[in-house]
Structures are given as structure tokens and as C-alpha cells.
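Peer 1:
Numbering (the working numbering), first residue to last: 700 to 799.
#1: Count the CB pairs spanning the stretch 750-762 and the stretch 725-732 that are closer than 8 Å, and state whether there are at least three.
#2: Kindly indicate the opening and closing residues of the alpha helix (DSSP H) around residue 730.
#3: Applying the criterion that 16 or more other CB atoms from any shown protein chain within 10 Å of the CB defines a buried residue, is residue 712 buried or exposed?
#4: Between 776, 788, 704 and 710, which has its C-alpha nearest residue 751's C-alpha?
#5: What's the C-alpha gap between residue 753 and residue 746?
#6: Going by beta-carbon coordinates alone, are residue 771 and residue 732 separated by less than 8 Å?
#7: Going along the chain, which residues of its own chain have a beta-carbon closer than 7 Å to the beta-carbon of residue 768, five neighbours each way excluded?
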């Protein structure tokens, strides 16, 4: 699948939705939907992406908040110690930029 279904448009408010290519931007799509998606969006993720792709996003990308990353690590049985945005250096950087 190269194009996103119309019901996901609300999650991509800042880009031209029709131009999003799920093959070329799979990690960006996954990051956005893991962070903001509802049940329907997550069901779509599970049908269109492999568990390995989802794990790869959580293990190597910082675009997901620590709260969401922790939740998805539990759901997909991923070791939290390996999730990038849950690592101490990253959390310290977040606290410096957003101390709340």
C-alpha cells in the first residue's frame, strides 16, 4: 500500500496528505500514528506493517513520547531498556527543553 486511507488524514495536519507515500515514509507514518492514533488507526498499522517495523521505530527513533513508547513497549513486548526515547540521556534532554 502506497497511499494512506482517508480516515488517517486527521493525523497528518501539517503535510499534504495526498502526497504521503507509506513506503518512502513508513517510519514517519508509524511514529505519527503510534503517538496520536486511535483504535482504528492502530488496527490499520497492525494490518499494514510488520511487528519488526513497529519495533524498529520504537528502538531507533525519538519521535514518540516517552509515555507512548512505554505503552507500546508493553503492548508489543519490547524490552524498555532498548527503547531509544526511554534512555536516560534522551529523557534528560527532554527535561531541559520541557521541564514540566
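In this text, a Cβ means the ideal position worked out from N, Cα and C, and glycines have one as well.
Fair warning: this is a prediction, and the values are worked out from it, not measured in the lab.
Peer 2: According to the structure shown:
#1: Judged by Cβ distances under 8 Å, the stretch 750-762 makes contact with the stretch 725-732, as three or more pairs qualify.
#2: For residue 730, the enclosing alpha helix (DSSP H) covers residues 725-735.
#3: exposed
#4: 776
#5: 12 Å
#6: no
#7: 757, 782, 784 and 785
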